[in-house]
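Number of protein chains: 2
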Amino acid sequence: MSKVKKRSDCPVSCSLDIWGDKWSLLIVRDLLFAKECTYGDFLKSGEGIATNILAARLLALEENKIIEKLAHPDSKAKVLYRLTRKGIDLLPVMIEINLWAEKYFSIPEDRKALLKEVKKDKAGFIKATIKELER
Amino acid sequence: MSKVKKRSDCPVSCSLDIWGDKWSLLIVRDLLFAKECTYGDFLKSGEGIATNILAARLLALEENKIIEKLAHPDSKAKVLYRLTRKGIDLLPVMIEINLWAEKYFSIPEDRKALLKEVKKDKAGFIKATIKELER
DNA sequence: CTTTACACTTGCAAAATGCAAGTAAAGTTA
DNA sequence: TAACTTTACTTGCATTTTGCAAGTGTAAAG
Chain A
1 MSKVKKRSDC PVSCSLDIWG DKWSLLIVRD LLFAKECTYG DFLKSGEGIA TNILAARLLA
61 LEENKIIEKL AHPDSKAKVL YRLTRKGIDL LPVMIEINLW AEKYFSIPED RKALLKEVKK
121 DKAGFIKATI KELER
Chain W
1 MSKVKKRSDC PVSCSLDIWG DKWSLLIVRD LLFAKECTYG DFLKSGEGIA TNILAARLLA
61 LEENKIIEKL AHPDSKAKVL YRLTRKGIDL LPVMIEINLW AEKYFSIPED RKALLKEVKK
121 DKAGFIKATI KELER
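Protein chains in written order, with the UniProt record's numbering: chain A, 1 to 135; chain W, 1 to 135.
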């Protein structure tokens, strides 16, 4: 199930081998925003990922140590997904994607407001967010 | 041919709709490094993209104004591809991907050396590179 | 005028994606 | 405690995308 086929040793290529598809970074995005998500939370995201694709992506991200599963405190029927440090470290990538998109697309107001904060002090924002996600 | 199916208005989602696949950012990478590439140059890149996939990606990137074609000065048989400003502006994304990958993979020495330069003065590096690519 | 270089296109098999329905365990309600 | 619901997936199948190999057309070179 876990075929890690490395196309080259270029860092960009290696990265894309793991999360270079239309869905993986959306999962990471959800977790950067929400810190912890259940399977159902991902399904409810606006883009409408199919449940089998979601399952496949979650497994791949877990195998690549981007995310990890943990028990839900309220119920054995629920599962929580969370970013590992490796996943959290995608935050700068995510921020730059947002800034790029802001320049070339029209994006929601609340996201614009957040990016305004980011631009005020990027390093500070990243540091604070990582701290929040890690505990 | 140019179906721009937007899944949501999230900036991340919009971005991935355009270049969220295993190949597009490698094309952008080649152009960020080389400034201008021919069709054959892309084919020669280490990852070994199939020629039909390359043609499809180049067309999609062109339709989305990430790259543009221009006449080769030496020959009518050759075509040059170059980044538009929109494509050049993916540089910060590309840099963060490289920095992330450097932390979690072993990457080639020459790329490490380049990233050392980047880390010394990220804003300066970006500014200088953009200037170089734009003229 | 024949050969080579270059930028693609085409055909087809294999893999990934997307949709709808189904399953199993856990929790909730009557 | 029996029936129902919620949750996290799995399964089957049609559609789409990818990958490989071979082919085409135009321009340049010999």
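Every residue gets a Cβ at the ideal spot worked out from N, C-alpha and C, and that includes glycine.
Keep in mind that this is a model prediction, so the values were computed, not measured.
Counting only Cβ-Cβ distances below 8 Å, R57(W) has no contacts in chain A at all, with the closest Cβ about 12 Å away. Under the 8 Å Cβ criterion, the segment 27-46 of chain W does not count as touching the segment 22-42 of chain A, having fewer than three qualifying pairs.
Beta-bridge annotation (DSSP): V12(W) is not paired with any residue. Residue state for L90(W) is assigned as coil, using DSSP reduced to three classes.
With respect to D17(A), R7(A) sits close: the two C-beta atoms are nearer than 8 Å. Around the beta carbon of N52(A), fewer than 16 other beta carbons sit within 10 angstroms, so the residue counts as exposed. P73(W) and T38(W) have their alpha carbons spaced roughly 12 Å apart.
One alpha carbon belongs to K131(W), the other to L80(A), and they sit about 46 Å apart. For G46(A), a Cβ of chain W is located within less than 8 Å of the residue's own Cβ. Per DSSP, the continuous beta strand (DSSP E) segment holding E68(A) begins and ends at 67-71. Inclusion of I49(W) and S15(A) in the CB contact set at 8 Å is not warranted, their separation being larger than that value.
Between K131(A) and chain W, the shortest Cβ-Cβ separation is not below 8 Å. Membership of R29(W) in the alpha helix (DSSP H) is indicated by the continuous run 24-34. Cβ neighbours of T129(W) within its own chain (closer than 7 Å, five residues either side excluded): L91. The beta carbon of A101(W) sits closer than 8 Å to those of I107, all from its chain and outside the five residues before and after it, given in chain order.
DSSP lists A71(W) as the beta-bridge partner residues of V79(W). Taking the Cα of E62(W) as reference, the smallest distance to any Cα among G87(W), A77(W), S75(W) is reached at G87(W). Ranked by Cα distance from D9(A), the first of E109(W), I66(W), L58(W) is E109(W). The residue from D41(A), A60(A), G46(A) with its alpha-carbon nearest to that of D21(A) is A60(A).
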